[in-house]
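Notes follow once the structure below has been shown.
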Amino acid sequence: MSKLQPLSEAISRFVHDGDTVYAAGFTHLIPFAAGHEIIRQGRQDLTLARATPDLIYDQMAAAGCARKVIFSYMGNPGVGSLRIVRAEIEAGRLEWEEYSHFGMISRLQAGAAGLPFMPMNQTGATDLEAANPDIRRLTDPYSGKEVITVPALNPDVAIVHVQRADAQGNAHLWGIIGEQKEAAFAAKRVILTAEEIVDEAIIRSDPNRTLIPGFIVSAVCHVPFACHPSYAQGYYDRDNDFYLKWDKISESPDSVKAWLDEWVYGVKDRQEYQQKLGEETLERLRVPPLQSVPINYGRY
Amino acid sequence: MTNLTYSSTELMIVNAARLLRNGDVVFVGVGQPNLACNLAKRTHAPDLVMIYEAGIIGAEPARLPLSIGDPTLVSGSLSVVSMYDIFANYLQRGNVDVGFLGGAQIDKYGNINATLIGTDYAHPKVRLPGSGGAQEIAAWANRCYVITPHQKRRFPEKCDFITSAGYLDGKGGRERAGLRGRGPVAVVTDIGLLEPDETGELALTALHPGKTAEEAIANTGWALKVAANLRFTEPVTEKELRILREELDPTGIYLKS
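So the sequences go chain by chain: A and B.
Heads up: the first sequence is residues 8 to 307, going by the numbering used here.
Heads up: the second sequence is residues 90 to 346, going by the numbering used here.
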């Protein structure tokens, strides 16, 4: 059964006010297009979970979508401070819940595996344990030593961008695979956006590359260039210039509002956004091919 | 004796690179640690295996990576794994020799704060990015290094918040907390090197050529002990500077910052 639909329809059907949203992707394949569509549709009171909130949650927080963030590293990667989320936290306007990367990802792993919590070895960093009551201790019933536990995270909706998927949502992704698979299995609903929609036969030609099976996916949307200013391995490069530019834009509420007006509210969809970026930027982000050697699955 | 001129950033990177051993599996961060590791790989440690937090094993970046997830780290690497796997199978399991750490504050016992300035977690005076992977790297890598400018505000006697564990409250602190790694075995500053003494307290063990113990003491927030066998680090060489400036960071993105 095809789950293909426009992104606007998928967001409208599967993301509701008050939801816990996990927009996946550790620096790679960050689903900016879906984030912008959530902003356009005016969703509110969302709990935004991501190991690295990145610019996508800075923008969503600026647009008033967020009630709370759950994170493990709140910075503008490679640049510095994530100004809006940081200012909202410092001003007490945004709730937050904090883990280390491993704590955050262990939460998703537990959620994905249908477990209530995940144990981790101790790190000695007890200040975070004191600050976050959901980080707890348990005695290992085998050795008698203490381990740290974090509760499962089961987001209402995960948004995952992939290089290619078929119309049912069977998805291939490669490059940095971060926490996409875990987020998809942990979530109650999964919105998939893809650079390319391909025939099921292409998916079946390389089944080891399928990290997400279609039967856990709620919606499939064909959204090329969905990750800018993040990137899609083999498709386009990370726009580091924009990450630097955001550092300036996010210095003042006026320039943030102007940016949102022009680049989010002012465009209909990602296609229009991409056109608006212009050929010069697209050319700068183009990447020459480097093919892997095909493998032989054998005909049995 | 040469009369090479170099910045304090270059001085720190060169000295951090020299601490790496050939064959080390090293958890690399972007910026200065990345330059130090790539410099080591191109000089005395060709078999260094560079692992990046984003899940990349054995990276051989063709250009200077500008973020921890730069695609240049992926192309041509040995393996790419999920975030859960990199932290569980590589770091927690004990497969990482070296980790690099950084933060706003490093205290007397090598504990690091990258979370907040202020004493009330719920009402931070300045909110910093937080742990990322630092909490686990500090606990589980066999040994850790810190690169930081030597400034009093960066070296308080006690951190406002311990994001990642050094020697905690001193001798035996790591053992009591059940940590597998040896902790921060060296802090590289622009004045010299700090290394833990037998109580876990960071002491001045080396000075860069031309620097003095008085400078180090004046720029440290606790009564810094000076090792009895205080030594000088080897001068920065022309080759090291050439690799850094011409091959690794030709536009000076990190060298000039």
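Just so it is clear, CB atoms sit at the ideal spot from N, CA and C, and this is done for glycine as well.
Boundaries of the beta strand (DSSP E) in which residue i is found, first to last residue
i: T98/B; result: Unbroken run through T98/B is the alpha helix (DSSP H), 97 to 107; no beta strand (DSSP E).
i: I256/A; result: From DSSP, I256/A is part of no beta strand (DSSP E) but of the alpha helix (DSSP H) over 247 to 256.
i: N318/B; result: 315 to 321
i: F189/B; result: 187 to 190
i: I219/A; result: 217 to 219
i: T200/A; result: 196 to 204
i: A174/A; result: From DSSP, A174/A is part of no beta strand (DSSP E); its letter is neither H nor E.
i: I155/A; result: 153 to 158
i: A275/B; result: 273 to 277
Local Cβ density within 10 Å of residue i, reported as buried at 16 or more and exposed below that
i: N123/B; result: buried
i: S257/A; result: buried
i: E290/A; result: exposed
i: V185/B; result: buried
i: N200/B; result: buried
i: M8/A; result: exposed
i: Q187/A; result: buried
i: K300/B; result: buried
i: R306/A; result: exposed
i: E355/B; result: Residue 355/B falls outside the range modelled here, since chain B spans only 90 to 346, and no answer is possible.
i: N178/B; result: exposed
i: K10/A; result: buried
i: R144/A; result: exposed
i: S237/A; result: buried
i: R293/A; result: exposed
i: K345/B; result: exposed
i: K197/B; result: buried
i: M90/B; result: Note that M90/B scores a pLDDT of 48, beneath 50, so its modelled location is shaky and nothing firm can be said.
i: T208/B; result: exposed
i: D248/A; result: exposed
i: H239/B; result: buried
i: Q224/B; result: buried
Closer than 7 Å to chain B by CB, residue i
i: S107/A; result: yes
i: A132/A; result: yes
i: A208/A; result: no
i: A203/A; result: Residue identity differs from the one stated: residue 203/A is Glu in this sequence, not Ala. Not one chain B Cβ lies under 7 Å of E203/A.
i: A138/A; result: yes
i: I112/A; result: yes
i: R291/A; result: no
i: Q116/A; result: yes
i: G121/A; result: no
i: I184/A; result: yes
i: N215/A; result: no
Closer than 7 Å to chain A by CB, residue i
i: R216/B; result: yes
i: Q121/B; result: no
i: M172/B; result: yes
i: Y234/B; result: no
i: Q240/B; result: no
i: A230/B; result: no
i: S220/B; result: yes
i: Q181/B; result: yes
i: Q210/B; result: In the sequence on display, residue 210/B carries Tyr and not Gln. Yes, because at least one Cβ of chain A sits closer than 7 Å to the Cβ of Y210/B.
i: E99/B; result: no
i: R194/B; result: Residue 194/B is actually Gln in this sequence, not Arg. Output row for Q194/B: interface = no.
i: E225/B; result: yes
i: F176/B; result: yes
Residue interval of the alpha helix (DSSP H) (run including residue i)
i: F109/A; result: 108 to 120
i: A31/A; result: A31/A -> no alpha helix (DSSP H), and no H or E assigned at all.
i: T133/A; result: 133 to 138
i: T294/B; result: From DSSP, T294/B is part of no alpha helix (DSSP H) but of the beta strand (DSSP E) over 291 to 296.
i: V263/A; result: 260 to 267
i: G262/B; result: 262 to 265
i: E335/B; result: E335/B -> no alpha helix (DSSP H), and no H or E assigned at all.
i: R90/A; result: 90 to 97
Checklist entry - Relative to chain B, which residues along the stretch 167 to 182 of chain A have a C-beta separation below 8 Å, given in chain order? => result W181, G182
Next on the checklist: So if I threshold CB-CB distances at 8 Å, which residues from the stretch 13 to 39 of chain A count as touching chain B?
Outcome noted: F33, T34, H35
Item to check | the stretch 245 to 276 of chain B: positions lying closer than 7 Å to chain A by Cβ | outcome: F250, I251, T252, S253, A254, L257, R263, A266, G267, L268
Item to check | 3-residue-minimum beta strand (DSSP E) runs that sit fully inside the stretch 215 to 252 of chain B, ordered along the chain | outcome: 232 to 236
Checklist entry - Name the residues in the stretch 260 to 288 of chain A whose C-beta lies less than 8 Å from a C-beta of chain B; which are they? => result none
Item to check | Segments assigned alpha helix (DSSP H), at least 4 residues, entirely inside the stretch 43 to 78 of chain A | outcome: 61 to 69
Checklist entry - Of all the residues that make up the stretch 153 to 164 of chain B, which are near chain A by a beta-carbon distance shorter than 7 Å? => result L155, S156, I157, G158, D159, P160, V163, S164
Checklist entry - Which parts of the stretch 117 to 153 of chain B are runs of the beta strand (DSSP E), unbroken and 3 residues or longer, counting only runs that do not cross its ends? => result 138 to 141
Next on the checklist: Tell me which residues of the stretch 282 to 314 of chain B have at least one Cβ-Cβ distance to chain A shorter than 8 Å, keeping chain order.
Outcome noted: none
Item to check | Residues in the stretch 137 to 149 of chain B having any Cβ partner in chain A nearer than 8 Å | outcome: E142, A143, G144, I145
Next on the checklist: Tell me which residues of the stretch 79 to 99 of chain A have at least one Cβ-Cβ distance to chain B shorter than 8 Å, keeping chain order.
Outcome noted: S79, Y80, M81, G82, P84, G85, S88, L89, R93, I96, E97, G99
Checklist entry - Got a sec: which bits of the stretch 144 to 166 of chain A sit with their beta carbon under 8 Å from any beta carbon on chain B, in order along the chain? => result K152, E153
Item to check | Chain-ordered residues of the stretch 229 to 260 of chain A with a beta carbon less than 7 Å from chain B | outcome: Y238, Q240, D244, R245, N247
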